[in-house]
Amino acid sequence: MVAAEPAVAQESRALLRTRLGCAEIRARELLPRVSVSPAEQWDRVQHRPQAGRVEEPNPRENWLAKWGRTRGPGTSFPKILRETPPPRGRRECPEGRDSVSQSAPRHRAPTGLGRCAGWRASPGRFPRGDGGAMDSPEVTFTLAYLVFAVCFVFTPTEFHSAGLTVQNLLSGWLGSEDAAFVPYHLRRTAATLLCHSLLPLGYYVGMCFAASEKQLYYPSQTPETWRAFLLLALMLPAIACTLIYYWSRDRWARHPLARTLALYALPRSGWRAVASSVNTEFRRIDKFATGVPGARVIVTDTWVMKVTTYRVHVAQQQDVHLTVTESQQHDLSPDSNLPVQLLTIRVASANPAVQAFDIRLNSTEYGELCEKLRAPIRSAANVVIHQSLGDLFLETFASLVEVNPAYSVPSSQLLTIRVASANPAVQAFDIRLNSTEYGELCEKLRAPIRSAANVVIHQSLGDLFLETFASLVEVNPAYSVPSSQDLEACIGCMQTRASVKLVKTCQAAAEGECQQCYCRPMWCLTCMGKWFASRQDPQRPDTWLASRVPCPTCRARFCILDVCAVR
């Protein structure tokens, strides 16, 4: 009995611990649920306590602690709740509840999560908030600045309308192009070069704010790649400023435009006299000007000029050779829905010191350009220039006609007439004439003309049409006459029975200009053909087969495809 007491004590203590564990589970279920917002839950999950760390007990833990003290001094619920228990095996709840697994360590949830207290938070279940690479401020700014830089250099129409161009932003310093063409472009090319060279530096400055975590405003702390980019961004404006300073020396005498004009100056005059002549001719209203702002073509009485973004090409008309080197055909133009042909013309000066250049213009402006030029324009052998919309239509029309089925024109009929005299001493002879002249010959002759049995004479164009009309009707669908209906004589000639019926077969019943005829068969093929020919224009025989005429009885319009033979 003495040896059995410790075993009973141990069993009692084990039973007590088991009951206390079940009481703990019941206490958890009876705790009040605390409503916490998702943002607060996430904030608490981010700052969740580590295993073994003791924190201040929340109200639920305080309640459990008080309840545990009422059960006796041997139980410490705050310790159980605040510390991560060691791994244990599965234990059974004697009161019929589900088994509680203690095989894995339990991670305590943040304070005040209510029913989420037993949930193990995983950082992968909550989005980090970056939204992918496209939501990064660095990527967004890079794409936006790239689009802006491309549009600022290659200015589209929208940027011109909004005034986002070098010419508009610096209009106060550049002056007026109409008042002083050459000085305006001397300053414009220099300003454009400087503004475009500042674009990489502007990107770096913008990235200092878009990606502040990179600390780009401290060059000594930036990565090696960004330091190299900053060096390049600073070198480009420095080179541009040096080049502009070199151009502006001697009152812009070293600018490429001034050097080109100096080649045409007289011995005792300088490039400024030539520039004054260019300014005067540009102010005239009869000059030829075309092209987009980045590649304008200007032709005056003496000069051929091309204005680009960074340079102005100038050549004197009396020294140039113009050659059409290329032609590009486009189905649609940016300004309209019509096809357009773009010509590339090479402008080469007789002076080897003047650099040759190419100009591009629409083929519809080619005629106006030729009127302004003194020198002729040579064209390559394989280039066909369409100077107007009519020329484009004629080419398209010819290409469509080539793929259409060919039409065989009926050949003219030549008659051979044997002229034999009753006097055997007179030698007989033959005469040949066109069948259309046969009637006039018969009117002049006194003797009748006998015809062979197998010879059919087509005396007029109508006879030729009747032959073609009959051949086309034969291939049309036939019309079956009811057995109860008898065919009457043709009301046109009263010699033969009616042999044709008008039935709309060319198109559907509700389509086209032809109409359904409800008349019974009343005409023969020959009379219907003569009626069809009588309604045509004698001066336009080429339109006879495609025309439409009214029915001789009910006036319903029909074409040759609607004439059906009666079977």
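All the letters of the sequence shown, read from the start, carry residue numbers 1 to 567 under full-length UniProt numbering. Just so you know, even glycine gets a beta-carbon here, dropped at the ideal spot from N, CA and C.
Helix, strand or coil at residue i according to DSSP, with G and I counted as helix
| i | result |
| --- | --- |
| Pro-552 | coil |
| Tyr-479 | strand |
| Asn-454 | coil |
| Met-235 | helix |
| Phe-141 | helix |
| Phe-429 | strand |
| Arg-259 | helix |
| Lys-444 | helix |
| Leu-174 | helix |
| Val-205 | helix |
| Gln-413 | coil |
| Thr-111 | For Thr-111, the predicted structure reports a pLDDT of 47, less than 50, and the residue's modelled location is therefore unreliable. The matter cannot be settled from this model. |
| Cys-241 | helix |
| Leu-472 | helix |
| Asn-423 | coil |
| residue 580 | A question about residue 580 goes unanswered here, because the residues of the chain that appear run from 1 up to 567. |
| Ile-560 | helix |
| Leu-322 | strand |
| Phe-152 | helix |
| Arg-567 | coil |
| Thr-308 | strand |
| Thr-302 | coil |
| Arg-296 | strand |
| Thr-157 | helix |
| Ala-180 | coil |
Chain-order list of residues whose beta-carbon lies under 8 angstroms from that of residue i (same chain, five-residue window excluded)
| i | result |
| --- | --- |
| Glu-557 | The question names Glu, but residue 557 in the sequence shown is Arg. Hits under 8 angstroms: Glu-513, Cys-514, Gln-515, Arg-548, Val-549, Pro-550, Cys-551. |
| Leu-193 | Ala-240, Leu-243, Ile-244, Tyr-310 |
| Asp-331 | Pro-339 |
| Ala-420 | Ala-428 |
| Glu-281 | Lys-287, Thr-300, Asp-301, Thr-302, Trp-303 |
Proximity to residue i [Cα-Cα], best of the options
| i | options | result |
| --- | --- | --- |
| Tyr-246 | Ser-399, Leu-263, Ala-190 | Ala-190 |
| Leu-201 | Ala-149, His-185, Ser-171, Glu-213 | Ala-149 |
| Leu-415 | Ala-452, Ser-399, Asn-382 | Ala-452 |
| Thr-505 | Pro-352, Val-455, Tyr-145, Cys-559 | Cys-559 |
| His-185 | Val-278, Leu-216, Val-456 | Val-278 |
| Gln-485 | Val-475, Asn-476, Ala-498 | Ala-498 |
| Ser-435 | Lys-501, Asn-351, Val-456 | Val-456 |
| Arg-360 | Ala-289, Leu-487, Cys-208 | Ala-289 |
| Pro-376 | Ala-348, Gln-215, Leu-216 | Ala-348 |
| Val-473 | Ala-509, Ala-447, Val-566, Thr-302 | Val-566 |
| residue 571 | Ala-422, Glu-467, Gly-163, Leu-373 | With the chain represented from 1 up to 567, any question about residue 571 goes unanswered, as that position is not in the structure. |
| Glu-177 | Glu-437, Thr-155, Asp-250, Arg-283 | Arg-283 |
| Leu-525 | Asn-476, Gly-172, Ser-483 | Asn-476 |
| Asn-362 | Ala-406, Ala-295, Pro-482 | Ala-295 |
| Ala-238 | Pro-183, Leu-198, Ser-220, Leu-170 | Leu-198 |
| Lys-306 | Ser-269, Ala-356, Glu-281, Thr-280 | Ala-356 |
| Val-500 | Leu-487, Glu-511, Ala-508, Ala-510 | Leu-487 |
Same chain, Cβ closer than 6 angstroms to residue i, neighbours up to 5 away in sequence not counted
| i | result |
| --- | --- |
| Ser-76 | Residue confidence is low: Ser-76 scores 46 on pLDDT, short of 50, so the model does not pin down where it sits. Its coordinate-derived value is still stated next. Hits under 6 angstroms: none found. |
| Trp-531 | Pro-552 |
| Lys-444 | none |
| Pro-538 | none |
| Arg-346 | Thr-323, Thr-325, Asp-358 |
| Ala-262 | Trp-271 |
| Gln-328 | Leu-342 |
Within 8 angstroms, strictly: CB atoms of residue i and residue j
| i | j | result |
| --- | --- | --- |
| Tyr-264 | Gln-341 | no |
| Phe-152 | Ala-210 | no |
| Arg-187 | Gln-167 | no |
| Ala-253 | Trp-271 | yes |
| Val-203 | Leu-230 | The sequence as given places Tyr at residue 203; Val does not occur at that position. Result no, Cβ atoms of Tyr-203 and Leu-230 do not sit closer than 8 angstroms. |
| Leu-389 | Leu-338 | yes |
| Cys-527 | Gly-492 | yes |
| Gln-536 | Trp-544 | yes |
| Ile-449 | Ile-431 | no |
| His-196 | Pro-293 | no |
| Val-312 | Leu-266 | no |
| Gly-291 | Val-299 | no |
| Ala-546 | Phe-465 | no |
| Asp-319 | Ala-350 | yes |
Neighbourhood of residue i by C-beta distance below 7 angstroms, restricted to the same chain and skipping five residues each side
| i | result |
| --- | --- |
| Val-503 | Tyr-479, Asp-562, Cys-564 |
| Leu-461 | Pro-541 |
| Thr-222 | Lys-214, Gln-215, Leu-216 |
| Val-354 | Thr-260, Leu-263, Ala-315 |
| Ala-470 | Leu-525, Gly-529 |
(Q) List, from N- to C-terminal side, the beta strand (DSSP E) runs of 3 residues or more that fit wholly inside the stretch 326-406. (A) When DSSP assignments are scanned along the stretch 326-406, the uninterrupted stretches of beta strand (DSSP E) that are 3 or more residues long and fall wholly within it turn out to be 340-349, 357-362, 377-379.
Q.
List, from N- to C-terminal side, the alpha helix (DSSP H) runs of 4 residues or more that fit wholly inside the stretch 476-547.
A. 525-534
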